[in-house]
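A short write-up of the structure that comes next.
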Amino acid sequence: MLSAVVRNRCRGMSCSLLISSTLHHSISPSPPPPSQLPKRLSLSHSHIFNPNINASQHSLLPFQAKPHSIPSRSFSSCRAMADDRRITYLSQRDAVEIDDLLMGPLGFSVDQLMELAGLSVAASIAEVYKSSEYARVLAICGPGNNGGDGLVAVRHLHHFGYKPSVCYPKRTPKNLYTGLVTQLEALSIPFLSVEDLPMDLSNDFDIIIDAVFGFSFHGTPRPPFDDLIQRLIYLRGLISPSQKSPVIVSVDIPSGWHVEEGDINEEGIKPDMLVSLTAPKLGAKKFCGHHFLGGRFVPPSIKDKYGLHLPPYPGTSMCVRIGKPPSIDISALRENYISPEFVEDQVLKDPLDQFTKWFDDAVAANLREPNAMALSTSSKDGYPSSRIVLLKGVDKQGFVWYTNYGSRKARELAENPHASLLFHWAGLNRQVRIEGNVQKVSDEESESYFHSRPRGSQIGAIVSKQSTVVNGRHVLHSLYKELEEKYSDGSVIPKPEYWGGYRLTPRLFEFWQGQPSRLHDRLQYSLREVDGRQEWHIDRLAP
1 MLSAVVRNRC RGMSCSLLIS STLHHSISPS PPPPSQLPKR LSLSHSHIFN PNINASQHSL
61 LPFQAKPHSI PSRSFSSCRA MADDRRITYL SQRDAVEIDD LLMGPLGFSV DQLMELAGLS
121 VAASIAEVYK SSEYARVLAI CGPGNNGGDG LVAVRHLHHF GYKPSVCYPK RTPKNLYTGL
181 VTQLEALSIP FLSVEDLPMD LSNDFDIIID AVFGFSFHGT PRPPFDDLIQ RLIYLRGLIS
241 PSQKSPVIVS VDIPSGWHVE EGDINEEGIK PDMLVSLTAP KLGAKKFCGH HFLGGRFVPP
301 SIKDKYGLHL PPYPGTSMCV RIGKPPSIDI SALRENYISP EFVEDQVLKD PLDQFTKWFD
361 DAVAANLREP NAMALSTSSK DGYPSSRIVL LKGVDKQGFV WYTNYGSRKA RELAENPHAS
421 LLFHWAGLNR QVRIEGNVQK VSDEESESYF HSRPRGSQIG AIVSKQSTVV NGRHVLHSLY
481 KELEEKYSDG SVIPKPEYWG GYRLTPRLFE FWQGQPSRLH DRLQYSLREV DGRQEWHIDR
541 LAP
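Counted from 1, the sequence shown has number 255 at position 255 by full-length UniProt numbering; the numbering is strictly sequential.
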């Protein structure tokens, strides 16, 4: 199936998200030789995108057309990405052979490969285009396995929180495809006919998935796909700065591209993302944009036989980026936060209790290192510095962390015992800022915590004379190995005198929650004297 899937996917290579997947299909036993493939498509339009124009002159660039979108790529940096020789790019013949092996002696079925390919496409989209900003998705699916990948991707995108629709004008009457349609209908995902689609797709959709043709396609696109491809080309020819431009994501190869020579004459679809499946195809070398690899199923035997050099997949991810991300306009990066209201009559009176509540929420949300906090200190002359440390204790007395007493932060705290902490929980659109006075914790507390740490961390604390100049990493490793050998008998590792904890006693809290249109919630707790007692007072601050 991989060969067919890849073939059909690549029929309509758009250069945004190249999913190089070789899923095998029974369309043809072997692909036509490259010499018989069309040198170019007979596509023309009065608003063809011109890559020779400076990027700043194009009204179609996503960051100009839509304030919350990822800015468009710069063409100079794209060429550098395409020349990356560390990645293997497949010829059409090799792609077909790999599909045949996957579908034959290696035991994969068409539906298995299609499921993995579609999940890779959805994961790649979610990696770059957040559902909070790019919710409206249109998948244009062709009649083959490339279209099947698109249908699978739509199902996953629905469960990821997107609002997809499907245009599937030439349905394949096979159980695999009819089953995919049934699955989407059960999720109430709308199917749109070509007649239902607006001529200008820019107003109704944020993402358009090009899952029309795979790498086995050759010839001139016929109705209705010729018209649909023209509409995608038109999106890159918008000339009014006020018009929005949806991002285009192509599966394996942009529809209409030459599988090995890419977008000949640069008159084809200009995708923003390309998701290559199995391995990228030769035509993808000319792609400019977010390029991902999907289809995490290539066994070592195929890698060895074809000498494939592919980037490693991170962790449990189903996709991996190829090359550097396109250059972006930093000023256009923004989030439009959507959060529950955070109002005075709903908060706890004691800020430590409110902090504990939010901290528990961060832990329950499985955020990475919810106890990470920015610690800002200042010298007596007012020169500030910040760094990330880990919270190791919190109670009514304050917030505790541990460090080297010879470090820069320790020296600054000795000169100026006032500091601030900042917790940022991006997954919850929240941050908490805390100001207060800092003191060392007792030796007993430091000793107890030191010996609760892993032995490797205890040795590391002795080895590192924090913030001093080191002649090389080998120096640290050498000292570490010496101490590791010294205490290999399991004896107690003594806490060094220059290591211990600090406690910040808070005098001010600010709880921040992101809200739409930058109208964020900011509630500040500050200590005030009432009848001779210190009490917490709550004020709302303007965002």
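Positions of the beta carbon are idealized from the N, C-alpha and C atoms, including for glycine. Small disclaimer: the values here were computed from a predicted structure and weren't measured.
In the DSSP assignment, what residue or residues form a beta bridge with residue i?
i, result
"M199", "Paired residue(s): none; M199 is not in a bridge."
"H474", "Its beta-bridge partners do not exist; DSSP assigns none."
"H159", "According to DSSP, which records beta bridges pairwise, H159 is partnered with nothing at all."
"T505", "N437"
"K281", "L90"
"M273", "H290"
"L421", "L375, I434"
"D539", "Q524"
"Q513", "R430, D521"
"W499", "N404"
Please classify residue i as buried or exposed, where buried requires at least 16 neighbouring CB atoms within 10 angstroms.
i, result
"R533", "exposed"
"S385", "exposed"
"P29", "Caution applies to P29, whose pLDDT of 35 falls short of 50 and renders its modelled position unreliable; the model cannot decide the point."
"P271", "buried"
"P494", "exposed"
"V298", "buried"
"S69", "Note that S69 scores a pLDDT of 37, beneath 50, so its modelled location is shaky; the value from the coordinates is reported in the next line. The residue in question, S69, is buried, as its Cβ has 16 or more Cβ neighbours within 10 Å."
"P351", "buried"
"V247", "buried"
"V343", "exposed"
"N366", "exposed"
"P223", "exposed"
"residue 609", "Any question about residue 609 goes unanswered here, given that the chain covers just 1 to 543."
"R368", "exposed"
"D539", "exposed"
"Q346", "exposed"
"L523", "buried"
Residue i and residue j look like a contact to me (Cβ under 8 Å); what is the Cβ gap, rounded to whole Å?
i, j, result
"I253", "F215", "5 Å"
"L413", "T468", "Wrong, their Cβ atoms sit about 17 Å apart, outside the cutoff."
"G295", "L274", "With 8 Å as the limit, G295 and L274 do not qualify as a contact, their Cβ atoms being about 13 Å apart."
"D149", "A117", "4 Å"
"A279", "T88", "6 Å"
"P496", "A461", "7 Å"
"A123", "S317", "7 Å"
"A139", "A153", "7 Å"
Taking C-alpha atoms, which residue in the options lies nearest to residue i?
i, options, result
"P190", "L348, A365, H158, T356", "H158"
"E267", "D206, P280, Y234", "Y234"
"L508", "R433, V463, Q439, V438", "R433"
"L375", "F355, A364, W358, F399", "F399"
"residue 559", "L483, Q513, L201", "Residue 559 is absent from the model: the chain starts at 1 and stops at 543."
"S488", "R473, Q458, P496, V475", "Q458"
"Y402", "D353, L176, H258, R453", "R453"
"L476", "S464, V363, E485, K486", "S464"
"A356", "E335, V394, N429, G323", "Reading off the sequence shown, one finds Thr at residue 356, where the question assumed Ala. The option with the nearest alpha carbon to T356 is V394."
"V212", "E341, Y383, N145", "N145"
Give the range of the alpha helix (DSSP H) segment to which residue i is assigned.
i, result
"Y313", "Looking at the DSSP string, Y313 is not in any alpha helix (DSSP H), and its letter there is neither H nor E."
Taking the beta strand (DSSP E) that residue i falls in, what are its first and last residues?
i, result
"Y525", "521-530"
"N404", "398-404"
"D350", "No beta strand (DSSP E) holds D350; DSSP gives it neither H nor E."
"A211", "207-211"
"R368", "From DSSP, R368 is part of no beta strand (DSSP E); its letter is neither H nor E."
"I388", "384-390"
"D395", "393-395"
"A122", "Note, A122: premise wrong, no beta strand (DSSP E); alpha helix (DSSP H) at 110-128."
Chain B beta carbons: is any one of them nearer than 8 Å to that of residue i?
i, result
"I328", "Here there is only one protein chain, and chain B is not present."
The ligand ZN and residue i: does any heavy atom of the ligand fall closer than 7 Å to the residue's C-beta?
i, result
"L277", "Judged by which ligands are present, the structure shown has none, so any question about the ligand ZN falls away."
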